[in-house]
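> First residue of the first sequence? That's 916 in the working numbering, and the numbers climb one at a time after it.
All residues carry an ideal CB built from backbone N, CA and C; glycine is no exception.
Note that the structure is predicted; figures quoted are calculated from it, not measured.
What follows is a single structure, and I will ask about it in a moment.
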Amino acid sequence: MVVRFAPSPTGPLHIGGVRTALYNYLLARKHGGRFILRIEDTDQTRYVPGAEEYIIEALTWCGITFDEGPHIGGPHAPYRQSERKAIYAQYAHLLVEKGWAYYAFDTEEELEEMRRRFEAAGMVAPQYNAITRSYMKNSLTLPPEEVQERLQNGKYVIRFLVPRGREVRFYDEIRGWVSVHTKEMDDKVLLKSDGMPTYHLANVVDDHLMGVTHVIRGEEWLPSTPLHVLLYEAFEWEMPKFAHLPLLLRPDGGGKLSKRDGDQLGFPVFPLRWRDPSTGEVSEGYRERGFLPEGVVNYLALLGWHPSENREIFTIEELIEAFSLERVSKAGARFDFEKARWVNQQHLRAVPTARLVELIRPLWEARGLPPVSDEKLSMLIELAKERAALLPELIESVRFYYEAPTFPLSSEREGKLNPALVENLSEWIVALRELQSWTVENIEALVKHRAKSMGLPLGKVLPTLRLALTGEESGASLYHIIHVLGQGEVVRRLERFVEVYGVRPRV
RNA sequence: GCCCCGUUCGUCUAGCCCGGUUAGGACACCUCUCUUUCAAGGAGGAAACAGGGGUUCAAAUCCCCUACGGGGUACCA
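Spelled out as structure tokens, the structure:
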């Protein structure tokens, strides 16, 4: 099995493209096949610098790797279509010789005029086809001498000659048989006047030359597949199998998820941050948002595919094992950011704390937070881990550590303080200061013991202490918080609290 | 407009090919439980076969029509 991912470097890869790459990758790995990256840069006007590097970096981050591609080479190099230009021209001319294609010389204005004319005659979207081509300037209508003359000038395109009266049928691995009549098809340009191929030609030629056995791509290609089928027939090449993946839809139901949706949806549509080189506009990525690559990949796999068992959480290796084209659904899938978060959370919980320390440290430093040892950081992460779905939440939920509470508290929170405890707090500070061994167990014992001797339930004691130490009403285990804060800091914070509330509690 | 593809809880989906299920799971939501609290966990709840015709003893499942959604309709991919 040989599959390929063939993006066009016109900007950042969006999340739907990542899924297409993922399904190809999964299949290649499952069947021990090869996976090729091919850059489809035949439209020179749409080339965006940095896009190719972005695509490779994004897929690498996701753990999607290739066996051949522009970045690693391979037996079918080059892998950029712009560098294969001569190959396509040769094959386009071959089709002309075989009578499957012809030269056309119409200018843009002439094409425009043709469309206007036929529209006026009642056609809605006139195409260059069996009925209109006879009115146009091409090697089918012009005398041979004029054709020769125009070819000398070098300004021509090569168009496919769609045969008449045929039903083109092909089997789609996901949708079953699809058929289209050739009267619905038009004479698509194969070779552009700049000598570059269009997608249709380049894709068929390269897939054949590179030995691709399974063409797995987005559903937007379904309507042009009949043309590709005819192209294989014209070249007398063996056809690959086709599979058209359902599209990723916007959560609001308004069409397919597109690059332009950017951040307006409230969640990233790109795997990595992207800075548009011409406008300077920056779009957020899943990586920067704090997703784990395994979380993104897992969620994406689930959008349009369902395993044979009722299970949602998979590592990439498990996905390789479980994936199959037969279980890909036909209908478009709406992106659900909440569920993506949940899937990521499941993975986050499984990540060893040591790795989280490595992931969090750069974020910690980027925020300019006070230095912490690896040991402290991993204690903090342990505390935050259970309630975080995304990486930055790991830092946000230990805010108490790097940000002392500010007093006075809001009146609502003051209402939750226990007056008896507040009055007695100076004695607690002494006890805490004198605690010999600062362990979670000892702290817990001390708190419980003093609460008991005061006749106060933990439900009164703990919230008050929490407010005094963190300013928050909820969060991780308070005994652990006290422990990680350290004896000195706990005493300092409580003393500050007493300065404000101790003498005459406002409660 | 025309062509192609699609349509099961709010969302992702199982079930459809090989008719007979209390139409299953997950996210989100609600209730209860555990917990100092939040989260997580546990238990439970509400929630769907687009509509209409056939075929059949029996249709989410097979056939047809309609509606709706999406994609395509470039010298873009």
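Quick one: what's A1019 bridged to in DSSP?
Here A1019 is bridged, per DSSP, to N1053 and V1072.
> Which value, in whole angstroms, describes the spacing of the CA atoms of P1112 and V1077?
17 Å
> To the nearest whole angstrom, what separates the beta carbons of L1116 and Y1006, a pair I think is in contact under 8 Å?
7 Å
> Counting beta carbon pairs with one atom in the region 1189-1202 and one in the region 1124-1140, are three or more of them shorter than 8 Å?
no
> Do F1085 and P1141 have their CB atoms nearer than 8 Å?
yes
> I1089 and H1143 - do their beta-carbons sit closer together than 8 Å?
no
> Ordered along the chain, which non-local residues of its own chain (more than five positions away) have a Cβ less than 6 Å from that of F1412?
A1383
> Between the C-alpha atoms of H946 and M916, what's the straight-line distance to the nearest angstrom?
7 Å
> Can you give me the C-alpha to C-alpha distance between K1291 and R1381, rounded to a whole angstrom?
If you take the alpha carbons of K1291 and R1381, they lie about 20 Å apart.
> Going by CA-CA distance only, name the one from F981, R961 and V1362 that's closest to L941.
Of the candidates F981, R961 and V1362, the one whose C-alpha sits nearest the C-alpha of L941 is F981.
> Assign F1185 to one of three DSSP states: helix, strand, or coil.
strand
> Quick one: what does DSSP say D1289 is sitting in, helix, strand or coil?
helix
> List the DSSP bridge partners of V933.
The partner list for V933 (beta bridge, DSSP) is empty, contrary to what the question assumes.
> In angstroms with no decimal places, state the Cα-to-Cα distance between R1270 and L1215.
23 Å
> On a CA-only basis, which of G1330, A1360, K1331 and E1327 is nearest W1343? Give me that one, please.
Closest option to W1343, Cα to Cα, is A1360.
> Considering only DSSP beta bridges, list what V1243 is partnered with.
Note: V1243 sits in a beta bridge opposite W1220.
> Quick check on this structure: which residue in W1353, V1355, P1378 and F950 has the alpha carbon closest to the alpha carbon of P1334?
P1378
> Work out the CA separation of I954 and R995 for me, nearest whole Å.
5 Å
> By Cβ distance below 8 Å, which residues in the same chain neighbour Y1394 in space, the five residues on each side in sequence not counted?
V1355, I1358, E1359 and V1362
> State the Cα-Cα distance for the pair E1280 and A1346, rounded to the nearest angstrom.
35 Å
> Exposed or buried, which one is V1197 when buried takes at least 16 other CB atoms within 10 Å?
exposed
> Assuming contact is defined by CB atoms lying nearer than 8 Å, are A921 and N1118 in contact in what I supplied?
yes
> Between E1253, A1149 and S1108, which has its C-alpha nearest L1180's C-alpha?
E1253
> Determine the contact status of Y1317 and L1274, defining contact as a CB-CB distance below 8 Å.
no
> From E1329 to N1259, what distance separates their C-alpha atoms?
Distance between the alpha carbons of E1329 and N1259 is about 36 Å.
> Got a sec, what are the start and stop residues for the alpha helix (DSSP H) V1399 sits in?
L1393 to L1400
> Got a sec? Which residues, its chain only, sit under 8 Å from E1410 by beta carbon, not counting five neighbours each side?
I1344
> Taking contact to mean 3 or more Cβ pairs, one atom from each stretch, closer than 8 Å, check whether the region 965-980 and the region 1239-1253 are in contact.
no
> Since F1252 is in the alpha helix (DSSP H), which residue starts that stretch and which ends it?
Looking at the DSSP string, the run of the alpha helix (DSSP H) that includes F1252 is F1252 to A1265.
> Looking only at DSSP bridge pairs, what is V1104 linked to?
R1074
> Which same chain residues end up closer than 8 Å to S1108 when comparing Cβ atoms and leaving out the 5 residues on each side of it in sequence?
So the list reads K1070, Y1071 and V1072, once near-sequence residues are dropped.
> Between the alpha carbons of P1420 and L1207, how many angstroms are there, rounded?
Legend: pLDDT at P1420 = 42, less than 50; position of this residue unreliable, value from coordinates given subsequently. If you take the alpha carbons of P1420 and L1207, they lie about 47 Å apart.
> Helix, strand or coil: how does DSSP classify I954 here?
strand
> If F1315 and T1268 are in contact, beta carbons under 8 Å, what's the gap, nearest whole angstrom?
Not confirmed; about 19 Å, so no contact.
> Note down, one range per segment and in chain order, each alpha helix (DSSP H) of at least 4 residues found wholly within the region 941-1003.
966-977
> Please report the straight-line C-alpha distance between V1406 and L1263, rounded to a whole angstrom.
34 Å
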